[in-house]
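Enquirer:
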Amino acid sequence: MRALFGLLESMRFQKRGKMKFAEALLNKRIYLDGAMGSALIEKGFSTFNPEELNITVPDDITAIHRNYVLSGSNAVYTNTLGANSLKNKGKYTLEAIIGAACDNARRANPEYIGYDCGPLGALLYPYGELTFEKAYELFAEQAKIVADKKVDFVVIETIADTLELKAAILAFKENCDLPIICSMTFDKGGRSFVGCSVGAYAQIAQGLGVDAIGINCGSGPDIMRENIKELIKYARLPVFAKPNAGIPSYKNGKTVYDMDAAHFTDEMDKIARFGVSILGGCCGTTYEYIDKIVKATKDLSFTIFDNHVDAVCSGRRVVELKTPVIVGERLNPTGKPLLKQAIIEDNYDYMLNIATEQLDAGADILDINMGMSGIDEREKLVNAVIKLQGVIDAPLQLDSARASAIDGALRVVDGVPIINSVNGEEKSMAAIFPLAKKYGAYIIALCLDENGIPDLEGRLEIAERIAARAREYGISEQKLIFDPLTLAISVDKNNAINTLEGVKRLYNKGYKTTLGLSNVSFGLPYREAVNATFYEMAVHEGLTLPIINPSMKKGKNNLAEKALRGEDANCERYIEAYSGYKPEPIEISGLTIEGCVMRGLKKEGVDVARATINKDNYIYIINNNIINALNELGVLYENGKAFLPQLIAGAESAKAILSYIREHFMGEAEDIKAVVLLATVKGDVHDIGKNIVKAVLSNYGYKIHDLGKNVSTEDLLHAVERYSPQVVGLSALMTTTLDNMAESAATVRALYPNIIIMVGGAVVSCDFARRIGAHYSKDAQECVRVLDALLKI
Ligand code: B12
229 MRALFGLLES
239 MRFQKRGKMK
249 FAEALLNKRI
259 YLDGAMGSAL
269 IEKGFSTFNP
279 EELNITVPDD
289 ITAIHRNYVL
299 SGSNAVYTNT
309 LGANSLKNKG
319 KYTLEAIIGA
329 ACDNARRANP
339 EYIGYDCGPL
349 GALLYPYGEL
359 TFEKAYELFA
369 EQAKIVADKK
379 VDFVVIETIA
389 DTLELKAAIL
399 AFKENCDLPI
409 ICSMTFDKGG
419 RSFVGCSVGA
429 YAQIAQGLGV
439 DAIGINCGSG
449 PDIMRENIKE
459 LIKYARLPVF
469 AKPNAGIPSY
479 KNGKTVYDMD
489 AAHFTDEMDK
499 IARFGVSILG
509 GCCGTTYEYI
519 DKIVKATKDL
529 SFTIFDNHVD
539 AVCSGRRVVE
549 LKTPVIVGER
559 LNPTGKPLLK
569 QAIIEDNYDY
579 MLNIATEQLD
589 AGADILDINM
599 GMSGIDEREK
609 LVNAVIKLQG
619 VIDAPLQLDS
629 ARASAIDGAL
639 RVVDGVPIIN
649 SVNGEEKSMA
659 AIFPLAKKYG
669 AYIIALCLDE
679 NGIPDLEGRL
689 EIAERIAARA
699 REYGISEQKL
709 IFDPLTLAIS
719 VDKNNAINTL
729 EGVKRLYNKG
739 YKTTLGLSNV
749 SFGLPYREAV
759 NATFYEMAVH
769 EGLTLPIINP
779 SMKKGKNNLA
789 EKALRGEDAN
799 CERYIEAYSG
809 YKPEPIEISG
819 LTIEGCVMRG
829 LKKEGVDVAR
839 ATINKDNYIY
849 IINNNIINAL
859 NELGVLYENG
869 KAFLPQLIAG
879 AESAKAILSY
889 IREHFMGEAE
899 DIKAVVLLAT
909 VKGDVHDIGK
919 NIVKAVLSNY
929 GYKIHDLGKN
939 VSTEDLLHAV
949 ERYSPQVVGL
959 SALMTTTLDN
969 MAESAATVRA
979 LYPNIIIMVG
989 GAVVSCDFAR
999 RIGAHYSKDA
1009 QECVRVLDAL
1019 LKI
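This note's numbering numbers the first residue of the sequence shown as 229 and each following residue consecutively.
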């Protein structure tokens, strides 16, 4: 009998020729239903596993839907909020539950049926254990079942985490072909319980292409009002509100809500008057509530909002793209051996340090690039995005030349990111634009193509070509950020003025622009002054997104400005003024590098370093300030005026400053002069000096294998066999470990007479070195000269 009834209902349903849901959203007011749970409790059912009731008491479920339809709901949600494999451990399959739920809703003959998809009930990383891909699978399983159940739309609701929302939207988009509306739950201050903001939610959901955005649960309509206002600020779609019947409390064994239907309706009326077109109720609301809001609001006009906010975001922070928005450039391994090592070893703490350092220095967005040889770049970029976004809340710029790496990162990134980059080559646009469209990302568009970098007019033509091709992919110009390209003024004096002219003309057309500013100073001394001046000039022309080292000191330098304006031929005056430039005395707010090391101040030491160290003075600072401070500390220790904890703190501070220097100023040469094995000898843990030798030698073209500290002769020999070095370098800082150094040197010399043995460290002398058949250098710079001479380089 029920089957016959169902058949008749579905025939009526098909005959009506109703407006498709996506179209209805834009053309009429939609009334959603009220709470399913409250109605079940009212009927005396337990809400322990409400989805099973679809099978065990289908008529009751249909009756609830029908009552909502009779109250005026023209769209009802299926009883499937928790219908996922993580929660469903009962005796019925997910397929059976979802199938029954859709049938039950259909038999109530609503105008529209929405498949209701709620949160998974477990948190995603970093709040919980669930991975993005696992969450996706759990949603995709539902999507595949729903695909042929003839519902009108999918609603993803009561979500607290934008990343979970993203997994759900992608799963439904990729596995069924239904319109999607979604709603998240926020508290009074406009944050979800994991900290996601209303604005970020709006940007992310709309970027992923949903059909309406809303807020449900969490509060009554009075408190929700401010959050809805905030949502509208970002909305370019229909908006919906589905609040609770006020605040819950527990009375006489029952949950009761403090807002009656009349009060609820007054408050919903205020929300409807903002232009909100879709209304309904969540926990605690019943048929009476829906009936009243329908009667009160049916004649009010509504708005399909069209508020385009030009902004990228993470789940927790929205950054509007208004001049200037600073992009931190330092998470890029080019020329940074320590970051390279960290990428190989998956050392995310190291990357996080660089990330937070940049944010502390004022970066709004972080560029993240894992491009280096010998790694799976896609995997590394995906993992770095997952780890970084778990801690920092800045929006990300995904930087790779490989579309596959961009694709992987776009999938897991929590937010609306920027893709770095596309260019005017057809191949590049064909690879990047579909991804940008699918994930709603912004895109940096480089004004070059397969023929290279043309003159300014050519670059602007390429910009137009990219914009036109983007439009064909359904991507608006608003999503493009053009890079008219920075070229070095040391190569051509007009390079900077051309680039600035490019920024100005693109700005006048209403386009956003970006520049990797530091290229402009390539080949010049005191590059910071040129970069900082160029930054000021470019921002003046309207540059939207400067990509810089955010720690850079801002402000113009007169000579640099002349050079940048092309008024200093071959930058002669600038070079004359600044070649051999030594910076001002090293001090910020009373702190010096020496002072920080002596007092064991780690963070402050790095702050002073950041403010005062540059490419031209770092060697001087290592040799004079850091080593002097450590020596002084050693003397104090020897004289009983400082003790081991001070020694340890001083060493930690020195190591942090040195690590900053290595990361920012020391690179790895492309050509290898020779392979060097380095070790601090057995019994000795002093490795600061050895690490300086390592960084300087790498900088000068030596390939280093660092065996660390406390290294036995046996381990050294294994490494010699493995790496076949031309040089073995040994370090010792204590008189007690000199014997171990002698033993290691003698053994290597006996077995490998052709290997050059270098020794060093505070207790080692030239005499001692000669006695053990080794070469000696007093410091790292001298070591380079000695080795170059020995190897006849
Ligand atoms: C920092 C420090 C520590 C740190 C080390 C942290 C670390 N990761 O390195 C900590 C706190 C852990 C430490 C521990 C100890 N320390 Co200590 N420590 C020092 C201190 C203050 C500075 C050393 C330093 O880093 N100098 C700066 C670097 C850059 O200089 P460098 O190593 O000489 O390197 C330069 C050159 O020598 C050369 N070089 C170095 N290696 C090589 C290698 C090659 C191949 C080449 C070519 C060149 C080269 O180039 C470098 C750069 O220019 C010295 C005091 C001093 N003035 O040396 C005491 C000192 C070395 N420590 C000392 C002692 C006694 C100890 C402890 C025993 C203390 C204790 N009671 O536990 C332990 C030893 C533990 C052990 N088994 O090794 C004594 C050693 C006395 C002696 N003559 O034997 C010293 C001299 C202090 C003192 N005056 O009493 N210490």
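Just so it is clear, CB atoms sit at the ideal spot from N, CA and C, and this is done for glycine as well.
How big is the Cα-Cα spacing for M250 and G356?
Expert: Residue mapping note: residue 250 aligns to position 22 of the sequence shown, counting from 1. Residue mapping note: residue 356 aligns to position 128 of the sequence shown, counting from 1. The sequence shown places Ala at residue 250, rather than the Met named in the question. Their backbone Cα atoms lie some 35 Å apart in a straight line.
Enquirer: Which runs of the alpha helix (DSSP H) fall wholly inside the region 808-892 and span at least 4 residues, in chain order?
Expert: 821-827, 830-840, 855-866
Enquirer: Less than 7 Å between the C-beta atoms of N282 and N316, yes or no?
Expert: Position 54 of the sequence shown, counting from 1, holds the residue named residue 282. Position 88 of the sequence shown, counting from 1, holds the residue named residue 316. The answer is no: Cβ separation not under 7 Å.
Enquirer: Between Y1026 and ligand 1, is there a pair consisting of the residue's CB and a ligand heavy atom that are separated by less than 6 Å?
Expert: Residue 1026 lies beyond the stretch modelled for the chain, which goes from 229 to 1021, so this question has no answer here.
Enquirer: Under the assumption that A463 contacts F421 (Cβ atoms under 8 Å), give the Cβ distance between them as a whole number of angstroms.
Expert: Counting from 1 along the sequence shown, the entry for residue 463 is found at position 235. Counting from 1 along the sequence shown, the entry for residue 421 is found at position 193. Rounded, the Cβ-Cβ distance is 23 Å, inconsistent with contact.
Enquirer: In chain order, which continuous runs of the alpha helix (DSSP H) of length 4 or greater are located wholly inside the region 301-336?
Expert: 322-335
Enquirer: Please confirm whether any heavy atom of ligand 1 lies closer than 6 Å to the CB of N859.
Expert: Residue mapping note: residue 859 aligns to position 631 of the sequence shown, counting from 1. Distances taken from the Cβ of N859 to the heavy atoms of ligand 1 include one shorter than 6 Å.
Enquirer: Secondary structure at K1006, three-state DSSP: helix, strand or coil?
Expert: Along the sequence shown, one-based indexing puts residue 1006 at 778. Here K1006 sits in coil by DSSP.
Enquirer: Give a yes or no on whether the C-beta atoms belonging to V522 and Y259 are separated by under 7 Å.
Expert: To locate residue 522, count along the sequence shown from 1; it is residue 294. To locate residue 259, count along the sequence shown from 1; it is residue 31. It is a contact, given that the beta carbons lie within the stated cut-off.
Enquirer: Just to confirm before moving on: does the CB-CB distance between F400 and I408 stay below 7 Å?
Expert: Taking the sequence shown and counting its residues from 1, one reaches residue 400 at position 172. Taking the sequence shown and counting its residues from 1, one reaches residue 408 at position 180. Yes; because the gap between Cβ atoms is below 7 Å, this pair is in contact.
Enquirer: Identify every residue that forms a DSSP beta bridge with L594.
Expert: Taking the first residue of the sequence shown as position 1, residue 594 is located at position 366. According to DSSP, which records beta bridges pairwise, L594 is partnered with G556, L624.
Enquirer: Got a sec, what are the start and stop residues for the alpha helix (DSSP H) N581 sits in?
Expert: Translated into positions along the sequence shown, residue 581 becomes position 353. From DSSP, the alpha helix (DSSP H) with N581 extends over 576-588.
Enquirer: Let me make sure I understand the geometry here. Which of M894, V547, V836 has the alpha-carbon closest to that of I885?
Expert: Translated into positions along the sequence shown, residue 885 becomes position 657. The shortest C-alpha separation from I885 is found at V836.
Enquirer: Looking at the secondary structure, which residues open and close the beta strand (DSSP E) in which M412 lies?
Expert: The residue given as residue 412 occupies position 184 in the sequence shown. Where M412 is concerned, the enclosing beta strand (DSSP E) stretches over 408-412.
Enquirer: Which residues in the same chain as A766 place their Cβ atom closer than 8 Å to its Cβ, once the five residues preceding and following it in sequence are excluded?
Expert: Reading the sequence shown from its first residue, position 538 is the one you call residue 766. Excluding positions up to five away in sequence, the list reads T727, L728, V731, L743, L745, P774.
Enquirer: Would you tell me roughly how many angstroms separate the C-alpha atoms of L858 and I876, rounded to the nearest one?
Expert: The residue given as residue 858 occupies position 630 in the sequence shown. The residue given as residue 876 occupies position 648 in the sequence shown. Approximately 11 Å, taken between the alpha carbons.
Enquirer: Could you give the residue range of the alpha helix (DSSP H) that holds I387?
Expert: Position 159 of the sequence shown, counted from the start, is the residue given in the question as residue 387. Segment 381-387 is the beta strand (DSSP E) holding I387; no alpha helix (DSSP H) there.
Enquirer: Thinking C-alpha only, which one of D844, V758, R501, D588 is nearest D796?
Expert: To locate residue 796, count along the sequence shown from 1; it is residue 568. Comparing Cα-Cα distances from D796 to each of D844, V758, R501, D588, the minimum goes to V758.
Enquirer: If I follow the unbroken beta strand (DSSP E) through M986, where does it start and stop?
Expert: The sequence position of residue 986 within the sequence shown is 758, counting from 1. M986 -> beta strand (DSSP E) spans 984-988.
Enquirer: Taking only three categories from DSSP, how would you classify P565?
Expert: The residue labelled residue 565 in the question sits at position 337 within the sequence shown. Of the three classes helix, strand and coil, the one that applies to P565 here is helix, per DSSP.
Enquirer: Excluding the 5 residues flanking N851 on each side, which residues of the same chain have their C-beta closer than 8 Å to its C-beta?
Expert: Along the sequence shown, read from residue 1 onward, the residue named residue 851 stands at position 623. Once the five neighbours on either side are set aside, the close Cβ partners of N851 are D1007, Q1009.
Enquirer: Please report the residue range of the alpha helix (DSSP H) in which H946 lies.
Expert: Mapped onto the sequence shown, residue 946 falls at position 718. H946 -> alpha helix (DSSP H) spans 941-951.
Enquirer: Where does G173 fall in DSSP's three states?
Expert: Here the chain comprises residues numbered 229 to 1021, so residue 173 is not present and cannot be evaluated.
Enquirer: Measure the alpha-carbon distance for F414 versus C799 and round it to whole angstroms.
Expert: Translated into the one-based positions of the sequence shown, residue 414 becomes position 186. Translated into the one-based positions of the sequence shown, residue 799 becomes position 571. Approximately 57 Å between the Cα atoms of the pair.
Enquirer: Is any heavy atom of ligand 1 found at a distance shorter than 6 Å from the C-beta of S972?
Expert: Taking the first residue of the sequence shown as position 1, residue 972 is located at position 744. Result no, Cβ not under 6 Å from ligand 1.
Enquirer: Any contact between the region 647-657 and the region 433-449? By contact I mean 3 or more CB pairs, one from each, below 8 Å.
Expert: no
Enquirer: Closer than 6 Å: is that where the CB of D912 sits relative to any heavy atom of ligand 1?
Expert: Here residue 912 corresponds to residue number 684 of the sequence shown, with the count starting at 1. Flag set: Cβ of D912 near ligand 1.
Enquirer: What does DSSP give as the partner residue(s) for P286 in the beta ladder?
Expert: Taking the sequence shown and counting its residues from 1, one reaches residue 286 at position 58. Note: P286 sits in no beta bridge, so no partner.
Enquirer: Note down, in chain order, each residue of its chain lying with its Cβ closer than 8 Å to the Cβ of V484, except the 5 sequence neighbours on either side.
Expert: Taking the first residue of the sequence shown as 1, we reach residue 484 at position 256. P476, S477, Y478, G512, listed in sequence order.
Enquirer: Grab me the residues of D1016's own chain with a C-beta within less than 6 Å of its C-beta, minus the 5 sequence neighbours each way, in chain order.
Expert: Residue numbering aside, residue 1016 sits at position 788 when the sequence shown is read from its first letter. Excluding residues within five positions, none has a Cβ falling inside 6 Å.
Enquirer: Looking only at C-alpha atoms, which of S301, H293, V304, P354 sits nearest to G618?
Expert: Here residue 618 is taken as the residue at index 390 of the sequence shown, counted from 1. Selected option, being the one with the closest Cα: P354.
Enquirer: Quick check: what's the CA-CA separation for P682 versus R693?
Expert: Counting from one through the sequence shown, the residue named residue 682 turns up at place 454. Counting from one through the sequence shown, the residue named residue 693 turns up at place 465. Answer to the nearest angstrom: the Cα atoms are 14 Å apart.
Enquirer: Taking C-alpha atoms, which residue in D899, A974, E860, L872 lies nearest to A990?
Expert: As a position in the sequence shown, residue 990 is number 762, starting the count at 1. Among D899, A974, E860, L872, the Cα nearest to that of A990 belongs to E860.
Enquirer: Return the CA-CA distance between F273 and M598, expressed in angstroms with no decimal places.
Expert: The residue given as residue 273 occupies position 45 in the sequence shown. The residue given as residue 598 occupies position 370 in the sequence shown. Using only the alpha carbons, I get a separation of about 54 Å.
Enquirer: Output the boundary residues of the alpha helix (DSSP H) element that contains A902.
Expert: One-based indexing of the sequence shown puts residue 902 at position 674. For A902, no alpha helix (DSSP H) segment is defined; the enclosing uninterrupted segment is the beta strand (DSSP E) at 902-908.
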